[in-house]
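Heads up, the thing below is written out as structure tokens.
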Amino acid sequence: MKYLFEKHSTEQRFLLIFALLLLTAFVSVGFRAFAASAATNCGTEQSSPVVASCVVPSYVTAANFPVGQSPLSITTADFNADGKIDWATANFSSNNVSIFFGSGAGGVLSSATLSAGTNPSAIASGDFNSDGKADLAVVNAGSDNVSVFLNNGAGGFGTPANYFVGANPSAIVVSDFNNDGKADLAVANADTNNVSTLLGNGAGGFTNVMPAALVGFSPLALAAGDFNGDGFRDLVVANFAFDFNGFNVTILLGQGNGRFIRSVANEQFSGTNPTAVVTGDFNGDGKIDFAVANISSWDVSVFYGNGAGGFALPVFYDVGISPSGMIAADLNGDGRLDIAVTNGDSNNVSILRNLGASFNSDFNYGTGRNPSALIAADANSDGKPDLLITNSGSNNVSLLLGVCSAEKTRRLSDFDGDGRTDLTVFRPSNGTWYQLNSSNGGFLGRQFGALGDKPVPGDYDGDGRTDLAVFRPSNGTWYILNSVNNSFRAVRFGISEDIPASADFDGDGSTDIAVFRPSNGTWYLLRSSAGFTGVQFGTNGDVPIADDYDGDGKSDIAVFRPSNGVWYLLQSANGFAGIQFGISEDKPAASDYDADGKADIAVFRPSNGVWYLLRSTEGFTGVQFGANGDKPVAGDYDGDGRADVAVFRPSNGVWYLLRSSAGFTGIQWGLNEDIPAPSAFVP
Numbered sequence: 127m128k129y130l131f132e133k134h135s136t137e138q139r140f141l142l143i144f145a146l147l148l149l150t151a152f153v154s155v156g157f158r159a160f161a162a163s164a165a166t167n168c169g170t171e172q173s174s175p176v177v178a179s180c181v182v183p184s185y186v187t188a189a190n191f192p193v194g195q196s197p198l199s200i201t202t203a204d205f206n207a208d209g210k211i212d213w214a215t216a217n218f219s220s221n222n223v224s225i226f227f228g229s230g231a232g233g234v235l236s237s238a239t240l241s242a243g244t245n246p247s248a249i250a251s252g253d254f255n256s257d258g259k260a261d262l263a264v265v266n267a268g269s270d271n272v273s274v275f276l277n278n279g280a281g282g283f284g285t286p287a288n289y290f291v292g293a294n295p296s297a298i299v300v301s302d303f304n305n306d307g308k309a310d311l312a313v314a315n316a317d318t319n320n321v322s323t324l325l326g327n328g329a330g331g332f333t334n335v336m337p338a339a340l341v342g343f344s345p346l347a348l349a350a351g352d353f354n355g356d357g358f359r360d361l362v363v364a365n366f367a368f369d370f371n372g373f374n375v376t377i378l379l380g381q382g383n384g385r386f387i388r389s390v391a392n393e394q395f396s397g398t399n400p401t402a403v404v405t406g407d408f409n410g411d412g413k414i415d416f417a418v419a420n421i422s423s424w425d426v427s428v429f430y431g432n433g434a435g436g437f438a439l440p441v442f443y444d445v446g447i448s449p450s451g452m453i454a455a456d457l458n459g460d461g462r463l464d465i466a467v468t469n470g471d472s473n474n475v476s477i478l479r480n481l482g483a484s485f486n487s488d489f490n491y492g493t494g495r496n497p498s499a500l501i502a503a504d505a506n507s508d509g510k511p512d513l514l515i516t517n518s519g520s521n522n523v524s525l526l527l528g529v530c531s532a533e534k535t536r537r538l539s540d541f542d543g544d545g546r547t548d549l550t551v552f553r554p555s556n557g558t559w560y561q562l563n564s565s566n567g568g569f570l571g572r573q574f575g576a577l578g579d580k581p582v583p584g585d586y587d588g589d590g591r592t593d594l595a596v597f598r599p600s601n602g603t604w605y606i607l608n609s610v611n612n613s614f615r616a617v618r619f620g621i622s623e624d625i626p627a628s629a630d631f632d633g634d635g636s637t638d639i640a641v642f643r644p645s646n647g648t649w650y651l652l653r654s655s656a657g658f659t660g661v662q663f664g665t666n667g668d669v670p671i672a673d674d675y676d677g678d679g680k681s682d683i684a685v686f687r688p689s690n691g692v693w694y695l696l697q698s699a700n701g702f703a704g705i706q707f708g709i710s711e712d713k714p715a716a717s718d719y720d721a722d723g724k725a726d727i728a729v730f731r732p733s734n735g736v737w738y739l740l741r742s743t744e745g746f747t748g749v750q751f752g753a754n755g756d757k758p759v760a761g762d763y764d765g766d767g768r769a770d771v772a773v774f775r776p777s778n779g780v781w782y783l784l785r786s787s788a789g790f791t792g793i794q795w796g797l798n799e800d801i802p803a804p805s806a807f808v809p
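The sequence shown begins at 127 in this note's numbering and counts up one residue at a time.
Spelled out as structure tokens, the structure:
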């Protein structure tokens, strides 16, 4: 316990809601509100917004809304029946609930406050009286009860009915546990080591099922799902402490009558001090899996179900410091459940993108102080899932708008898949790639290529990591080393004069082989999903600059013409555009500098070391950063979703980075002859 005390601040510890543990200020409750990953058989679920597949879910902070003191949980619903997303938080230290009525454009029309019991630690929404209106259930850790607020249909809530449960209740999930079509409640009780079940009568009332189901020591989170395929809702419970057998995850098999049998044979070890759990079919096999966030080992463990109530050994993924809240939702529209985790001590949220049979490393986005829980919803009605995050240290809710950046992996040169650009160079003299991973600072050197080859890094296998690849003009062959399985392939596509211009032209998440032929101004594309095509667009002397300029998830054919400083774009969604921006000496440096999911037109001017950016949402700016001879290497080096201004200086082998969140740094990595991977396509 001494180690855990040292790892958390005094400010966090004052929030402690569990006397026996003294450090669970970040109780995970986000999953309880986002019922798409927890309860799917009653009218309480909220599905994530439908969004066109965009490969990489990206976010930008839009607003922070003040709430009560120490918010620990959040839920969303349309409380006032206006067709727009609203949300409510449980505020532990001020003993109340904050309700916000959304505008549908990312803002708030009005707000209200409800008095709750003592130390509300969890909140969930559902239709408890069968009137088609979203009601609220609030868990009160200090008064050992659940308060049920019924909605009058206009967003008003009457005097709550209170139902006693076990001691120090910490979490709640809404589902139908007795298959009568009415919403029921399950509550984890941290001090009595059990789960209370409250069966709904469909008229707003509940009956407590006795006795409560016994679980492990100090349960802090739970989620529902049918693990054994019998048609009854089961529960997975994350217990903060180990039991006598070294397990800290309990499986409760539902009997279809509101009662549960503890499946001792299927109990699991998840990691150190789990605080959140979510359920869903993560690998697409039709069987329910679950994932657990572990606050003291700083990771997420994923358990794949066998459909008979058993689970494989967990797969672990590192996230931020002290993960606390978690949801499972399809954040990029590819039909797979991704995972988002709030990290209480690193003040950010980590996104684990689902690749089908595994998850990539995390993409991180900043939040307020000590984020405790989160939920996904479309707050601005653009069809993309946004994130609402409670921050227990700054007493507010952060709204992170989803911008769905499709081309992030290609332009970032993210070889380790952690959402941050890696410092990587290709050395022509020995055909070796030298890589400095941002995820762990590890060094890699790998011989892949030869003198005369052109480096063409990209995510050719669609696993979220950049692959080593070269184009050999002497024989018109592409050599690719897939990171997903370390397999090699060679593809004959092009001739010696061609300029490689690979990108994801069909929006399937995999980089496509492509060349631009100056002699006839034609693009030849070998798309991984849509096959071969040829497009005449450009002329001799043009610089190919393919990227997603209209934000539709597909790279657009585009050229920069130094002779007149004009960018010519053939956008897949918005058609043709010609934009005068630059002069003959400029180096094109298109990237997404404002995190809106669209590539911004930008150039680096060597003669004065100035970057000129034409951002699609934030407008024009000029940044003096660099010197004559520098190579522009724009990339997201701090993982905040925004491309950073950066240069590689061949004369001293130093990378100079002006990171949008983490500020300036300089790192020596490379030699004079080296070609930096982020600017491999810049002449």
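The beta carbon of each residue, even a glycine, is placed where N, CA and C say it ideally should be.
C-beta contact flag for T401 and S450 at 7 Å: As a working note, residue 401 is residue 275 in the sequence shown. As a working note, residue 450 is residue 324 in the sequence shown. Yes, they are a contact pair.
I'd like the ranges of any beta strand (DSSP E) spanning at least 3 consecutive residues and lying wholly in the region 395-476. Within the region 395-476, the complete beta strand (DSSP E) runs of at least 3 residues are 400-406, 415-420, 425-429, 441-444, 449-455, 464-469.
Buried or exposed by the 16-neighbour rule on C-beta atoms within 10 Å, applied to G633: For the purposes of this step, residue 633 is taken as the residue at position 507 of the sequence shown. Buried: at least 16 other Cβ atoms inside 10 Å.
Whose C-beta lies closer than 8 Å to the C-beta of G602 among residues of the same chain, with five residues either side of it excluded? Within the sequence shown, the letter at position 476 stands for residue 602. In chain order, R618, F619, G620, I621, S622, D624 place their CB closer than 8 Å to the CB of G602, counting only its own chain and leaving out the 5 sequence neighbours on each side.
Could you tell me the boundaries of the beta strand (DSSP E) in which I501 lies? Working through the sequence shown from its first residue, we reach residue 501 at position 375. Taken as a continuous stretch (DSSP letters only), the beta strand (DSSP E) holding I501 covers 497-503.
Span of the beta strand (DSSP E) holding S269? In the sequence shown, counting from the first residue as 1, residue 269 sits at position 143. S269 -> no beta strand (DSSP E), and no H or E assigned at all.
Which first and last residues belong to the beta strand (DSSP E) in which I211 is found? Residue 211 sits at position 85 when you count from the first residue of the sequence shown. No beta strand (DSSP E) holds I211; DSSP gives it neither H nor E.
Tell me whether G755 is buried or exposed, calling it buried when 16 or more other Cβ atoms sit within 10 Å of its Cβ. Within the sequence shown, the letter at position 629 stands for residue 755. A residue is called buried once 16 or more other Cβ atoms fall within 10 Å of its Cβ, and G755, having fewer, is exposed.
Touching by the beta-carbon criterion (3+ pairs, under 8 Å), the region 293-307 and the region 374-387: Here the region 293-307 makes contact with the region 374-387; the two share three or more CB pairs at distances below 8 Å.
List, from N- to C-terminal side, the beta strand (DSSP E) runs of 3 residues or more that fit wholly inside the region 280-360. Under the rule that a run must span 3 or more residues, the beta strand (DSSP E) segments found entirely inside the region 280-360 read 287-290, 295-301, 310-315, 320-326, 332-340, 345-351.
Spell out the partners DSSP gives L481 in its beta bridges. The residue given as residue 481 occupies position 355 in the sequence shown. In DSSP, L481 forms no bridge with anything.
Could you check where the beta strand (DSSP E) with Y782 kicks off and where it finishes? Translated into the one-based positions of the sequence shown, residue 782 becomes position 656. Segment 780-785, the beta strand (DSSP E) holding Y782.
Where D471 and V234 are concerned, what is the direct C-alpha to C-alpha distance, given to the nearest angstrom? Counting from one through the sequence shown, the residue named residue 471 turns up at place 345. Counting from one through the sequence shown, the residue named residue 234 turns up at place 108. Distance between the alpha carbons of D471 and V234 is about 28 Å.
G528 beta carbon near the ligand ADP (any heavy atom closer than 6 Å): What this structure holds is no ligand at all, so the ligand ADP is not there to describe.
Quick check on V390: does DSSP put it in helix, strand or coil? Translated into positions along the sequence shown, residue 390 becomes position 264. Here DSSP, grouped into helix, strand and coil, assigns V390 to helix.
Cβ pair count under 8 Å reaching 3, the region 664-680 against the region 633-648: The region 664-680, when compared against the region 633-648, does touch it at the 8 Å Cβ threshold.
Give me the Cα-Cα distance between K210 and A503, rounded to the nearest whole angstrom. To locate residue 210, count along the sequence shown from 1; it is residue 84. To locate residue 503, count along the sequence shown from 1; it is residue 377. One C-alpha to the other measures close to 10 Å.
Based on the DSSP output, what are the partners of I801 in its beta bridges? For the purposes of this step, residue 801 is identified with residue 675 of the sequence shown, where counting begins at 1. Bridge partners of I801: F552.
Compare the beta carbon distance of A188 and G232 with 7 Å and say whether it is the shorter of the two. Numbered from its first residue, the sequence shown carries residue 188 at position 62. Numbered from its first residue, the sequence shown carries residue 232 at position 106. Closer than 7 Å, so yes.
Compute the Euclidean distance between the alpha carbons of A576 and R546, then round it to the nearest angstrom. As a first step, residue 576 must be located in the sequence shown, where it is residue number 450. As a first step, residue 546 must be located in the sequence shown, where it is residue number 420. Their Cα atoms are separated by approximately 27 Å.
Express the C-alpha separation of N611 and T558 in angstroms, rounding to a whole number. What you label residue 558 is simply residue 432 of the sequence shown in a count that begins at 1. What you label residue 611 is simply residue 485 of the sequence shown in a count that begins at 1. Computed Cα separation, rounded: 20 Å.
Got a sec, what are the start and stop residues for the beta strand (DSSP E) F702 sits in? To locate residue 702, count along the sequence shown from 1; it is residue 576. Residues 701-706.
Stretch pair the region 267-278 + the region 338-349: three plus CB contacts closer than 8 Å: Cβ pair count under 8 Å is below three, so no.
Confirm, please, whether the CB-CB distance from G635 to G584 is below 7 Å. As a first step, residue 584 must be located in the sequence shown, where it is residue number 458. As a first step, residue 635 must be located in the sequence shown, where it is residue number 509. Result no, Cβ atoms of G584 and G635 do not sit closer than 7 Å.
Do you know offhand how far P758's Cα is from R479's? Stepping through the sequence shown from its first residue, residue 758 is reached at position 632. Stepping through the sequence shown from its first residue, residue 479 is reached at position 353. For P758 and R479, the distance between alpha carbons rounds to 29 Å.
Which whole-angstrom value describes the C-beta separation of V428 and M452, a residue pair presumed to lie in contact below a C-beta threshold of 8 Å? Within the sequence shown, the letter at position 302 stands for residue 428. Within the sequence shown, the letter at position 326 stands for residue 452. Incorrect: roughly 11 Å between the Cβ atoms, too far for contact.
Pairing CB atoms from the region 516-531 with CB atoms from the region 540-556, are three or more of them under 8 Å? Taking 8 Å as the limit for Cβ pairs, the verdict is that the region 540-556 does not touch the region 516-531.
What's the gap between the Cα of R741 and the Cα of A280? As a first step, residue 741 must be located in the sequence shown, where it is residue number 615. As a first step, residue 280 must be located in the sequence shown, where it is residue number 154. So the alpha carbons of these two residues sit roughly 41 Å apart.
Go ahead and label D411 buried or exposed: buried means 16 or more other beta carbons lie within 10 angstroms of its beta carbon, across all protein chains shown. Looking up residue 411 in the sequence shown gives position 285. Exposed.
Residue environment, V390, which counts as buried when at least 16 other CB atoms sit within 10 Å: Start at 1 with the first residue of the sequence shown, and residue 390 comes out as number 264. That one is exposed.
Is L696 near D718, with beta carbons less than 7 Å apart? Looking up residue 696 in the sequence shown gives position 570. Looking up residue 718 in the sequence shown gives position 592. It is not a contact, given that the beta carbons lie outside the stated cut-off.
For F275, the residue or residues it bridges with in DSSP: Within the sequence shown, the letter at position 149 stands for residue 275. Beta-bridge pairing links F275 to L262.
Expressed to the nearest angstrom, what Euclidean distance is found between the alpha-carbon atoms of A580 and N409? Translated into the one-based positions of the sequence shown, residue 580 becomes position 454. Translated into the one-based positions of the sequence shown, residue 409 becomes position 283. According to the sequence shown, residue 580 is Lys rather than Ala. Going from the Cα of K580 to the Cα of N409 covers about 37 Å.
Option nearest Y443 by Cα separation, candidates N458, A203, I477: Along the sequence shown, one-based indexing puts residue 443 at 317. Ranking N458, A203, I477 by CA distance to the CA of Y443 puts I477 first.
For Q381, does the three-state DSSP call read helix, strand or coil? Your numbering for residue 381 matches position 255 in the sequence shown. Under the three-state reduction of DSSP, Q381 is assigned to coil, being neither helix nor strand.
Output yes or no for whether 7 Å exceeds the beta carbon distance between G194 and S220. For this step, residue 194 is matched to residue 68 along the sequence shown. For this step, residue 220 is matched to residue 94 along the sequence shown. With a cutoff of 7 Å on beta-carbon distance, G194 and S220 are scored as near each other.
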